[in-house]
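What follows is one structure encoded as structure tokens, with my remarks underneath.
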Amino acid sequence: MAQRAVTITAGSALALLTLGPIAVVLIRAEGFGALRPGDLAALRFTLWQALLSGLFSCVFAVPVARALARRRFAGRGVLVALLGAPFILPVIVAVMGLLAVFGGAGLVNAALAALGLPRFDIYGLHGVVLAHVFFNLPLATRMLLQGWLAIPSERLRLAASLGLTPWAQFRVLEWPLLLRILPGAFAVIFVICLTSFAVALTLGGGPRATTVELAIYQAMRFDFDLGRAALLAGMQLALALTAGMVAWRVSLGAGFGAGLDRVQPRWDGQGLLARLWDGLWIGLVAVFLLLPLALVVWRGAPGLLMLGPDTFRAAGHSLVVALCSTALCLIWALPLATRRGELLALSAIAISPLVLGTGLFLILRPFVNPFSMALPVTGLVNALMALPFALRILRPEAEEIRADYGRLAATVGLTPGAWARLVLLPRLRRPLGFAAGLTAALAMGDLGVIALFADPDRATLPLQVYRLMGSYQMEAAAGASLLLLCLSLGLFWLMDRGGRVGA
Numbered sequence: 000m001a002q003r004a005v006t007i008t009a010g011s012a013l014a015l016l017t018l019g020p021i022a023v024v025l026i027r028a029e030g031f032g033a034l035r036p037g038d039l040a041a042l043r044f045t046l047w048q049a050l051l052s053g054l055f056s057c058v059f060a061v062p063v064a065r066a067l068a069r070r071r072f073a074g075r076g077v078l079v080a081l082l083g084a085p086f087i088l089p090v091i092v093a094v095m096g097l098l099a100v101f102g103g104a105g106l107v108n109a110a111l112a113a114l115g116l117p118r119f120d121i122y123g124l125h126g127v128v129l130a131h132v133f134f135n136l137p138l139a140t141r142m143l144l145q146g147w148l149a150i151p152s153e154r155l156r157l158a159a160s161l162g163l164t165p166w167a168q169f170r171v172l173e174w175p176l177l178l179r180i181l182p183g184a185f186a187v188i189f190v191i192c193l194t195s196f197a198v199a200l201t202l203g204g205g206p207r208a209t210t211v212e213l214a215i216y217q218a219m220r221f222d223f224d225l226g227r228a229a230l231l232a233g234m235q236l237a238l239a240l241t242a243g244m245v246a247w248r249v250s251l252g253a254g255f256g257a258g259l260d261r262v263q264p265r266w267d268g269q270g271l272l273a274r275l276w277d278g279l280w281i282g283l284v285a286v287f288l289l290l291p292l293a294l295v296v297w298r299g300a301p302g303l304l305m306l307g308p309d310t311f312r313a314a315g316h317s318l319v320v321a322l323c324s325t326a327l328c329l330i331w332a333l334p335l336a337t338r339r340g341e342l343l344a345l346s347a348i349a350i351s352p353l354v355l356g357t358g359l360f361l362i363l364r365p366f367v368n369p370f371s372m373a374l375p376v377t378g379l380v381n382a383l384m385a386l387p388f389a390l391r392i393l394r395p396e397a398e399e400i401r402a403d404y405g406r407l408a409a410t411v412g413l414t415p416g417a418w419a420r421l422v423l424l425p426r427l428r429r430p431l432g433f434a435a436g437l438t439a440a441l442a443m444g445d446l447g448v449i450a451l452f453a454d455p456d457r458a459t460l461p462l463q464v465y466r467l468m469g470s471y472q473m474e475a476a477a478g479a480s481l482l483l484l485c486l487s488l489g490l491f492w493l494m495d496r497g498g499r500v501g502a
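Residues 0 to 502, numbered by numbering that gives the first Met the number 0, are exactly what the sequence shown covers, in order.
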């Protein structure tokens, strides 16, 4: 009963924070506005690029995650941690890395010119999809990898003792795993791409590649048409919830049952062809994801010497906000780690951050100075935005734990506190560490609500990077971007590693 009350409270708070700002903006605008002809074109482009981005990210993640689950090699842990870097990078920093590789003066076009081949133009639909795959392929890979590592070793040993062929093992063990995880992963990535702003702004290449989020920005920034912005935000929310409901209906909830938590070697995929296939996928994805990251490091290293006290103060603010957001997000996620809770949380990343920020500003203005609440509000919003990712990571494992041990816990009369301390949290340690690291890194790199609320004394590190770029201190901005990258990766690695050690 107490656990149900906690779940209802967490869900109510989530619904209030996601729907409340839209309602406030609607009241201020006195109703919905009217769509313009360009808005329908933006809606079509948004749906198409989100569909392609989610499809490519999930399809390519399957062989990569399978290869990482089957192979053990020197530096594997470091590679797995680094493969998560693109998703947790600040968008503008990652886009600069992609331009260094695929842009007009990038490495790819230099190689094509040397070979006498046509140049590659990164701007347009293909550029937006490329950037979204760069960001979201690591997320899909890690979600699948968590599932592969959760297969009890007894199942793998039984498959080996029965002499199952590779195809039979894939059909019996791995295909149910994909049906359980991939629909939810696709839904999360699809919703992320629905709200794409910075990627479409920098790589869209013109009006033909305008997303709904860009249309909302235009409605609020240039036209101050809050009614039209609210209508577009409502459409965005409806699309996200529809995607979540479809994923919820088609995904399978059954797992593989409980095991004895013994770590056993993999007997499958030991042939030469399988090793070459896995090595090819690991090598390709490592080059695709880490080369832009390496160029960010290369160009940002000289700028570290140009950083001033304001930048380090902003870094301290970002660390505090990230740690608080992580704690709040995990406390919020644990009681909501159900299929319905995950569907409800999708609305958090479906709502436009611009509308969310404006609604919070209008809510706070009659009571306090919004600028004095910049950091607490930023921490709250970051926890809200990271909640769907945390639930996507935690929910499959949490449901398996309840299915495997729930009746036994009820039989011996475990209280909710004892259940969490003795059963749930120890067995969730690996995905919990991954979710904590992901939340902390996302909060470190967020440039959203803080841009509306912050004053010079309360800037975070992403806002400081933006200010340095705006004042044409490009070398200092590159150095601050590298500092931001190191802090984000450091938090992610510490928490993710802490969850995996001894799990």
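Even for Gly, the Cβ is constructed at its ideal location relative to N, Cα and C.
Closest residue to residue i among the options (Cα-Cα distance)
i	options	result
Thr-325	Leu-379, Leu-292 and Gly-96	Leu-379
Val-319	Pro-20, Ala-73 and Leu-460	Leu-460
Met-12	Gly-53, Ala-332, Arg-75 and Asp-224	Here residue 12 is Ala; the residue named in the question, Met, does not match the sequence. With distances taken between Cα atoms, Ala-12 lies closest to Ala-332.
Leu-213	Gly-37, Ile-7, Val-376 and Pro-182	Gly-37
Ala-130	Val-198, Ala-159, Pro-137 and Ala-66	Val-198
Pro-387	Met-142, Arg-401, Leu-46 and Phe-59	Met-142
Tyr-122	Leu-18, Val-286, Leu-343 and Thr-201	Thr-201
His-125	Ile-400, Phe-55, Ala-239 and Leu-361	Phe-55
Pro-365	Ala-113, Val-23, Leu-18 and Ile-449	Val-23
Glu-399	Leu-423, Leu-329, Leu-482 and Thr-377	Leu-423
Val-354	Leu-225, Phe-185, Ser-487 and Ala-159	Leu-225
Asp-456	Leu-306, Trp-297 and Gly-315	Gly-315
Three-state class that DSSP yields for residue i in the structure shown
i	result
Tyr-122	coil
Pro-85	helix
Thr-459	coil
Ala-149	coil
Arg-401	helix
Asp-224	coil
Thr-8	helix
Tyr-216	helix
Ile-350	coil
Asp-277	helix
Tyr-471	coil
Leu-302	One detail in the question is off: residue 302 reads as Gly in this sequence, not Leu. Gly-302: helix per DSSP, three-state reduction.
Val-367	coil
Ala-73	coil
Pro-503	Given a span of 0 to 502 for the chain in the structure shown, any question on residue 503 remains unanswerable.
Arg-65	helix
Ser-195	coil
Pro-165	helix
Through-space distance from residue j to residue i, alpha-carbon basis
i	j	result
Val-94	Ile-188	18 Å
Thr-414	Leu-407	12 Å
Trp-174	Val-61	11 Å
Leu-304	Ala-479	10 Å
Gly-489	Leu-359	31 Å
Cys-323	Arg-274	43 Å
Gly-183	Ala-397	15 Å
Phe-196	Arg-227	17 Å
Val-107	Val-58	24 Å
Leu-177	Leu-148	13 Å
Ala-382	Pro-301	33 Å
Phe-287	Ala-80	15 Å
With 16 other Cβ atoms within 10 Å as the buried cut-off, status of residue i
i	result
Thr-241	exposed
Trp-166	exposed
Asp-445	buried
Ile-7	exposed
Leu-161	exposed
Asn-368	exposed
Ala-253	Interpretation of Ala-253 is limited by its pLDDT of 49, a score under 50 that renders its predicted location unreliable; the figure taken from the coordinates is listed afterwards. It is exposed - the Cβ of Ala-253 has fewer than 16 other Cβ atoms within 10 Å.
Met-473	exposed
Trp-47	exposed
Ala-313	buried
Ala-109	exposed
Leu-72	Per the sequence presented here, residue 72 reads as Phe, with Leu not at that position. Classification of Phe-72: exposed, given that the 10 Å Cβ count is below 16.
Asp-277	buried
Met-443	buried
Pro-20	buried
Arg-112	In the sequence as presented, Arg is not what sits at residue 112; that position holds Ala. So Ala-112 ends up on the exposed side.
Nonlocal neighbours in the same chain, by C-beta distance under 7 Å from residue i, ignoring five residues either side
i	result
Gly-96	Pro-291, Leu-292, Leu-294 and Val-295
Ser-470	none
Neighbourhood of residue i by C-beta, 6 Å cutoff - its chain only, sequence neighbours within 5 removed
i	result
Ala-476	Val-464, Leu-467 and Met-468
Pro-137	Leu-82, Gly-83, Pro-85 and Phe-86
Leu-231	Val-211, Ala-214 and Ile-215
Gly-146	Leu-176 and Ile-180
Chain-order list of residues whose beta-carbon lies under 8 Å from that of residue i (same chain, five-residue window excluded)
i	result
Ile-281	Val-63, Ala-66, Leu-67, Arg-70 and Leu-78
Leu-42	Val-211 and Met-234
Leu-393	Ala-332, Leu-333, Ala-336, Leu-427, Pro-430, Leu-431 and Ala-434
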